[in-house]
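Structure record follows, encoded as structure tokens.
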Amino acid sequence: MMKSFASSTLNLIICFFVIINIINVDDVSDAADFNVQTGSLQITSPEAIRQTADSAIGDFGVPLYGATLVGEVVMPPTGEERGCAPLSKQLVATSPNMPVIALLTRGDCFFVEKVHNAQQAGAAAAIIMDNVDEGLLTMANPVDNPSVDVIAEKVVIPSALVAKSVGEAMRGALKEGSRVVAEMDWKESISHPDDRVEYEFWTTSNDGCGPNCERQAAFKRDFKEKAIKFDQGEHTLSTPHFLMWHCTNHESVSSTTDKEGCYSQCIRGGRYCDPTASSDEQSRSEVMGGGGGIKPVLGREVMAENLRQLCLHRNAAQNGQSWVWWEYASRYVDECPATGSGSRGFGRDCSLRVMDDISREFRGAIDLQKIESCVGDVDEDLPHPLLDEESKLQAGSNQRTKVILLPTIMINERQYRGRLDVQSVMHGLCAGFDESTEPAACLSSVIERNECTRDNDFGGCWKSDSAGTFHACLDTFRGYRCECPSGFRDAAGENADLETKGKSCRDIDECAEGTHECDQTCENTVGSYRCLCAPGYRLPLDRAGFVSGM
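What follows is the structure, encoded as structure tokens:
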């Protein structure tokens, strides 16, 4: 709970935050209002418990979006099944080189603590079995718990919650001495319909509400370069959004004091309020260390800036430049911090200065007049259409889930689960592209593992020799596919199906077929050809793929 709020307005937001607190406590089961993002768990052995079940992706760590993990399920030593303390022994698979999937039981501590302890004991992933019969829920981190936040930052493995019956089946087999092998599958956790990914970043313009806001500010700085590059290349369409609550619609607003506090902390007659900022100057000053002449950032100021950023993005997107928001947002957190003042502090003056700088630098990318017109009078006691749109998106519908946590990232209308860092979010975005349409950045070794080079077997596709000088394995973000490389033709012909495609490739003799571009003499080579000149002649310049015979 945010302690900086004055008691007179605390009751206005308690219902907003109680949902968050419920879903983050490990021993409370009511998480119906929080969207559950699922992956698939397939138990492949022993045969007696073979099955496929849904699993709820944890809201921390690094889900392997677009990929699968096959591992041996291992339980901690007797008495340590819940994993609430560092495990006394390393978790080891019976088969060499087989990844370990830790099986833990829910209860007694936070989910993230269990997963961290499993990671420290050598697990490549963690499965937590529910301890009650109920629907799946999302494992999330507790609110305002710095010690757990530190642990969460260290978790780099994926995790999932499974139903009690599924967990008991695995636990029973293990206790009987059976070897349990399972496949955790995230391939369909994020939809991937086409060659463009649309994603939303639900955030706040406030960088002064503690570690959570600081992490969001840092992400805006760190992710800016990739976000801009992807948007400019039309690989993605990014949209910022801002969480809010509604003072005038809250049933607990009854007293005159509450209503006055509501109007002073919100904009547009109490209709739109920010949940991250302080409700009174004294408490906010205490949170920020007090003294120093720093003017505290109030809820209405944050909400006004959120609206400015929405208007900026709307204007930029209409001009095909949605990436401008990332440029502005990253500069704003640096140049207009909550700890600043005047034209170098949080608020309208600093905002307009940053917008003006960007407009001059990027030749009118920002139209200040249109943005100011869009914002309008924040004290006007009337609805704002743009904020009403935000409110509807936040509330969710039958087609999309509601948003109740900051930050939240939605990728192709699916909620992203995992760490708020560049590599993890990039992995999630790349999983949103249809296979083989992902940009080159998604195939870098930092983002995904090249399945073609693993174990040097090239995925079972055709290869010209044992070293794979030429091969038909085409690496994709979700794995690989067999496709004869340039200069070769599929032996199965144009009608090759998925079973035969890329399994046998023949060199194309460009010289014999007349598809070469040589002026005089053509000499075929494996996978290509080279041009030769008659005595007394030479090629004017060498081109890629062609070698002069001189």
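In mature numbering (1 follows the signal peptide of the UniProt record, and there is no 0), the protein residues as written are -25 to -1, 1 to 525. Glycine included, C-beta positions come from ideal geometry on N, C-alpha and C. Predicted model, so just to flag it, every value in this text is computed and none were measured.
In this structure, Gly41 is the residue among Asp249, Val156, Gly41, Ile18 with its C-alpha nearest to the C-alpha of Tyr391. The way I'd put it, the region 389 to 404 does touch the region 188 to 205; three or more beta-carbon pairs between them come closer than 8 Å. The region 53 to 65 makes no contact with the region 414 to 428; the number of CB pairs closer than 8 Å stays below 3. Counting only residues of its own chain and dropping the five nearest sequence neighbours on each side, Val67 has a CB closer than 8 Å to the CB of Val49, Val75, Gly97. About 6 Å separates the beta carbons of Ser180 and Gln284, which is inside the 8 Å limit, making them a contact pair. Excluding the 5 residues flanking it on each side, Arg81 has same chain C-beta neighbours closer than 7 Å at Asp1, Ile103, Met104, Asp105, Asn106, in chain order. Cα atoms of Ser30 and Gly454: separation of roughly 22 Å, rounded to the nearest angstrom. The alpha-carbon of Gly54 is positioned some 56 Å away from that of Arg289. Annotation: the continuous alpha helix (DSSP H) that includes Val123 extends over 121 to 129. Taken through DSSP and simplified to helix, strand or coil, Ser134 comes out as strand.
Of the candidates Gly502, Ser439, Val156, Thr251, the residue whose Cα lies closest to the Cα of Glu22 is Val156.
Buried is the label assigned to Tyr504, since at least 16 other Cβ atoms lie within 10 Å of its Cβ.
Taking a cut-off of 8 Å on C-beta distances, the region 271 to 278 does not touch the region 326 to 335, as fewer than three cross pairs fall below it.
Looking at the backbone, the Cα of Cys493 and that of Thr444 are separated by about 25 Å.
Every alpha helix (DSSP H) of 4 residues or more that sits fully in the region 156 to 229 is shown, in chain order, as 186 to 207. For Val277, the secondary structure class from DSSP, reduced to helix, strand or coil, is helix. If only complete runs of 3 or more residues are kept, the region 377 to 430 shows the beta strand (DSSP E) at 383 to 386, in order along the chain. In this structure Thr43 touches Asp160 by the C-beta definition: roughly 5 Å separates them, less than 8 Å. Glu302 counts as buried, since no fewer than 16 other beta carbons sit within 10 angstroms of its beta carbon. Between Tyr238 and Asp124, the alpha-carbon positions lie close to 33 Å from each other.
Pro460 is the residue among Glu388, Pro460, Val87, Pro515 whose C-alpha sits nearest the C-alpha of Gly477. For Arg335, no beta strand (DSSP E) segment is defined; the enclosing uninterrupted segment is the alpha helix (DSSP H) at 323 to 336. For Ala447, no alpha helix (DSSP H) encloses it, and the DSSP letter there is neither H nor E. Excluding five sequence positions before and after Ser318, the CB atoms of its chain that fall closer than 7 Å to its own CB belong to Asp324, Cys325, Arg328, given in chain order. Pairing Ala279 with Gly183 gives a Cβ-Cβ distance that is not under 9 Å. In summary, Gly33 is buried, with 16 or more beta-carbon neighbours lying within 10 Å of its beta-carbon over all protein chains present.
Less than 9 Å separates the beta-carbon of Asp170 from that of Asp409. Here Cys405 is near Phe452, since their CB atoms are less than 9 Å apart.
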